[in-house]
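S.K.: The following block contains the structure, expressed as structure tokens.
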Amino acid sequence: MERILIIGANGQIGSELVSALAQQHGAANVIASDIGADNLYGAARYARLDVLDKDALARLVEQEGVTQVYQLAALLSATGEKAPLKAWTLNMDGLLNILEIARERVEAGKPLKVFWPSSIAAFGPNTPGDAPQYAVMDPTSIYGISKLAGERLCEYYHAKYGVDVRSIRYPGIISFKSPPGGGTTDYAIAIFHAALKGETYECFLGPDTTLPMIYMPDAIRATIQLMDAPGEQVKIRSSYNVAGVSFNPRELAGAIKAKLPAFEIAYKPDSRQQIADSWPKSLDDERARQDWGWQSRVGVDEMVADMLANVQVSVDAAVQA
Ligand code: NAD
Numbered sequence: 021m022e023r024i025l026i027i028g029a030n031g032q033i034g035s036e037l038v039s040a041l042a043q044q045h046g047a048a049n050v051i052a053s054d055i056g057a058d059n060l061y062g063a064a065r066y067a068r069l070d071v072l073d074k075d076a077l078a079r080l081v082e083q084e085g086v087t088q089v090y091q092l093a094a095l096l097s098a099t100g101e102k103a104p105l106k107a108w109t110l111n112m113d114g115l116l117n118i119l120e121i122a123r124e125r126v127e128a129g130k131p132l133k134v135f136w137p138s139s140i141a142a143f144g145p146n147t148p149g150d151a152p153q154y155a156v157m158d159p160t161s162i163y164g165i166s167k168l169a170g171e172r173l174c175e176y177y178h179a180k181y182g183v184d185v186r187s188i189r190y191p192g193i194i195s196f197k198s199p200p201g202g203g204t205t206d207y208a209i210a211i212f213h214a215a216l217k218g219e220t221y222e223c224f225l226g227p228d229t230t231l232p233m234i235y236m237p238d239a240i241r242a243t244i245q246l247m248d249a250p251g252e253q254v255k256i257r258s259s260y261n262v263a264g265v266s267f268n269p270r271e272l273a274g275a276i277k278a279k280l281p282a283f284e285i286a287y288k289p290d291s292r293q294q295i296a297d298s299w300p301k302s303l304d305d306e307r308a309r310q311d312w313g314w315q316s317r318v319g320v321d322e323m324v325a326d327m328l329a330n331v332q333v334s335v336d337a338a339v340q341a
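Whatever position you read off the sequence shown (first residue = 1), add 20 for the numbering used here.
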């Protein structure tokens, strides 16, 4: 039986991962945690936890007999640029705390499986546009630098201490349940809210900025599939490229306009453009497909239809409130 701890559970990914894991393992075996007191998404079990407090984290893991940790707490690309040292401390020390606890537990014969996400931000301007699994990686944002360093730490802890750590380089994730956390791909969520409120969407990226993206159900499926894969199939312990869909704001606006003909978009690139320009346009995920059978399922049109239907529900609820 697995006992699962999710750190950063009130965030965009955590809010959805908690319910998916609760369905799979039973709600009583899934502990959602975040830095605040609020259990925002109704998890059956919730603990207030600061990932930077290693002793509290180690105590919780021991008391609950945790066997899997998903470490999602981080400052994302756009937010990170506003507070680079804070981003570095949270992103690196949060991961190191988990890896150290996992190392101690390997030594104690009570192994802890760890999931930690990297990002397309670990790539940089000299990475090929269709990023291979192994490529030049010269990230320019503090967030990307922390993700690349984190990938190296994951591989190091696996090779040196036998820690069972697994990772995915997530593309920009699109979802409707909770707000995005301050990344460069957030436009691809905000655009749906504007479209359904009948507003012109002012996009902070230019029309031709193609980026790798993934719809949340695919991202959750990839995460759980990787964590459930037999250890010998997980041959890459830094982080796996996982692809969903690639599009730019003009193409996304076109797909929305096909359903909502009155929708208009305007372009006003800001500092996030520079970050986006340093990232690849797509990811080659051949290794994830070969090693543990990854295959994306959701295309752009299906994603747009699903987003419009679900964001409509929240727009209607806001109007009634
Ligand atoms: P988010 O910002 O929505 O959520 C992060 C959560 O961490 C928040 O609920 C926050 O309260 C919590 N947190 C912050 N500091 C904490 C601390 N000290 N202790 C405990 N919790 C703390 O982020 P997200 O979009 O859910 O991303 C989760 C992970 O996935 C991050 O590592 C991020 O880098 C990675 N990722 C996300 C995307 C994306 O598009 N969302 C893409 C690539 C990688």
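Glycine is no exception: its CB is placed at the ideal position from the N, C-alpha and C atoms.
All values reported here derive from a predicted model rather than from experimental measurement.
Can you find the residues in the same chain that come closer than 8 Å, C-beta to C-beta, to LEU31, ignoring five residues on each side of it along the sequence?
M.R.: As a working mapping, residue 31 is identified with position 11 in the sequence shown. The question names Leu, yet the displayed sequence has Gly at residue 31. Cβ within range, chain order: ASP54, LEU92, ALA93, SER198 and GLY201.
S.K.: Would the beta-carbon of PRO289 be found less than 7 Å away from any heavy atom of the ligand NAD?
M.R.: Taking the sequence shown and counting its residues from 1, one reaches residue 289 at position 269. Flag unset: Cβ of PRO289 not near the ligand NAD.
S.K.: At a cut-off of 7 Å, is LEU225 close to the ligand NAD when judged by its beta-carbon and the heavy atoms of the ligand?
M.R.: Within the sequence shown, the letter at position 205 stands for residue 225. No, the ligand NAD has no heavy atom inside 7 Å of this Cβ.
S.K.: For PHE135, which of helix, strand or coil comes out of DSSP?
M.R.: The residue labelled residue 135 in the question sits at position 115 within the sequence shown. Here PHE135 sits in strand by DSSP.
S.K.: Which value, in whole angstroms, describes the spacing of the CA atoms of GLY297 and ASN117?
M.R.: Looking up residue 297 in the sequence shown gives position 277. Looking up residue 117 in the sequence shown gives position 97. For clarity, residue 297 is Asp in the given sequence; the question names Gly instead. Their Cα atoms are separated by approximately 32 Å.
S.K.: For the beta strand (DSSP E) containing TYR154, name the first residue and the last one.
M.R.: Numbered from 1 along the sequence shown, position 134 holds the residue referred to as residue 154. First-last for TYR154: undefined, no H or E at that position.
S.K.: Is it buried or exposed for TYR66, if we count other Cβ within 10 angstroms and need 16 for buried?
M.R.: Position 46 of the sequence shown, counted from the start, is the residue given in the question as residue 66. Burial call: buried.
S.K.: How is the alpha helix (DSSP H) around PHE336 delimited, first residue to last?
M.R.: On the sequence shown, position 316 is the one that residue 336 refers to. Note that residue 336 is Asp in the sequence shown here, rather than Phe. First-last of the alpha helix (DSSP H) with ASP336: 320-340.
S.K.: Run the proximity test for ASP70: is its beta-carbon closer than 7 Å to any non-hydrogen atom belonging to the ligand NAD?
M.R.: Position 50 of the sequence shown holds residue 70. Flag set: Cβ of ASP70 near the ligand NAD.
S.K.: Can you name the residues that DSSP bridges to PRO232?
M.R.: Residue numbering aside, residue 232 sits at position 212 when the sequence shown is read from its first letter. SER266, per the DSSP bridge assignment.
S.K.: Output the residue ranges of the beta strand (DSSP E) runs that lie fully inside the segment 191-222 and measure 3 residues or longer, sorted by chain position.
M.R.: Counting whole runs of 3 or more residues, the segment 191-222 contains the beta strand (DSSP E) stretches 192-194.
S.K.: Just the Cα atoms here: how many angstroms apart are ASP305 and PRO191?
M.R.: Working through the sequence shown from its first residue, we reach residue 305 at position 285. Working through the sequence shown from its first residue, we reach residue 191 at position 171. Taking the straight line from one Cα to the other gives about 11 Å.
S.K.: Exposed or buried, ALA142, counting other C-beta atoms within 10 Å across all chains shown (16 or more means buried)?
M.R.: Here the question's residue 142 lines up with position 122 in the sequence shown. Flag for ALA142 reads buried.
S.K.: Could you tell me the alpha carbon to alpha carbon distance between GLN294 and LEU119, rounded to whole angstroms?
M.R.: If you number the sequence shown from 1, residue 294 lands on position 274. If you number the sequence shown from 1, residue 119 lands on position 99. Straight-line Cα distance between these residues: approximately 32 Å.
S.K.: Relative to the ligand NAD, is the shortest distance from any of its heavy atoms to the C-beta of LEU105 smaller than 7 Å?
M.R.: What you label residue 105 is simply residue 85 of the sequence shown in a count that begins at 1. No, the ligand NAD has no heavy atom inside 7 Å of this Cβ.
S.K.: Quick one, are the C-beta atoms of PHE283 and ALA275 less than 8 Å apart?
M.R.: By one-based count along the sequence shown, residue 283 stands at place 263. By one-based count along the sequence shown, residue 275 stands at place 255. In this structure, ALA275 does not lie closer than 8 Å to PHE283 by Cβ.
S.K.: Could you name the residues that DSSP lists as bridge partners for ALA286?
M.R.: Position 266 of the sequence shown holds residue 286. Note: ALA286 sits in a beta bridge opposite GLU222.
S.K.: Whose C-alpha, out of SER291, TRP299, TYR235 and SER259, is nearest the C-alpha of ALA325?
M.R.: Residue numbering aside, residue 325 sits at position 305 when the sequence shown is read from its first letter. The shortest C-alpha separation from ALA325 is found at TYR235.
S.K.: Quick one, are the C-beta atoms of PRO232 and ILE140 less than 8 Å apart?
M.R.: Along the sequence shown, one-based indexing puts residue 232 at 212. Along the sequence shown, one-based indexing puts residue 140 at 120. Yes.
S.K.: Using only alpha-carbon positions, find the residue among ALA122, ILE188 and SER161 that is nearest to LYS180.
M.R.: Taking the sequence shown and counting its residues from 1, the one referred to as residue 180 is at position 160. When only C-alpha atoms are compared, the closest one is ALA122.
S.K.: If I'm right that THR243 touches LEU37 with Cβ under 8 Å, what's the distance once you round it to whole angstroms?
M.R.: To locate residue 243, count along the sequence shown from 1; it is residue 223. To locate residue 37, count along the sequence shown from 1; it is residue 17. With a Cβ gap of about 7 Å, THR243 and LEU37 count as contacting.
S.K.: Say the cut is 7 Å; is the CB of ALA93 nearer than that to a heavy atom of the ligand NAD?
M.R.: Position 73 of the sequence shown, counting from 1, holds the residue named residue 93. Yes, the beta carbon of ALA93 sits closer than 7 Å to at least one heavy atom of the ligand NAD.
S.K.: Taking the continuous beta strand (DSSP E) assigned at GLN253, which residues delimit it?
M.R.: In the sequence shown, residue 253 corresponds to position 233, counting from 1. Per DSSP, GLN253 belongs to no beta strand (DSSP E) and is neither H nor E.
S.K.: Use the C-beta contact count for SER291: other C-beta atoms within 10 angstroms, 16 or more gives buried, fewer gives exposed.
M.R.: Position 271 of the sequence shown, counted from the start, is the residue given in the question as residue 291. Its Cβ having fewer than 16 others within 10 Å, SER291 is exposed.
S.K.: Given a cut-off of 8 Å, decide if VAL134 and LEU183 are closer than it, judged by their beta-carbon atoms.
M.R.: Translated into the one-based positions of the sequence shown, residue 183 becomes position 163. Translated into the one-based positions of the sequence shown, residue 134 becomes position 114. For the sequence presented, residue 183 should be read as Val rather than Leu. Yes, they are a contact pair.
S.K.: Is the beta carbon of ASP58 within less than 7 Å of some heavy atom of the ligand NAD?
M.R.: Locating residue 58 in the sequence shown gives position 38, where the first residue counts as 1. Result no, Cβ not under 7 Å from the ligand NAD.
S.K.: Evaluate LEU105 with the Cβ neighbour count: other Cβ atoms within 10 Å of its Cβ, from every protein chain shown; 16 or more gives buried, anything less gives exposed.
M.R.: Position 85 of the sequence shown holds residue 105. Answer is exposed; the Cβ neighbour count stays below 16.
S.K.: Alpha helix (DSSP H) containing GLN91: first to last residue?
M.R.: Numbered from its first residue, the sequence shown carries residue 91 at position 71. Not the alpha helix (DSSP H): GLN91 falls in the beta strand (DSSP E), residues 88-91.
S.K.: Cα separation between ASN261 and LEU280?
M.R.: As a working mapping, residue 261 is identified with position 241 in the sequence shown. As a working mapping, residue 280 is identified with position 260 in the sequence shown. Approximately 33 Å between the Cα atoms of the pair.
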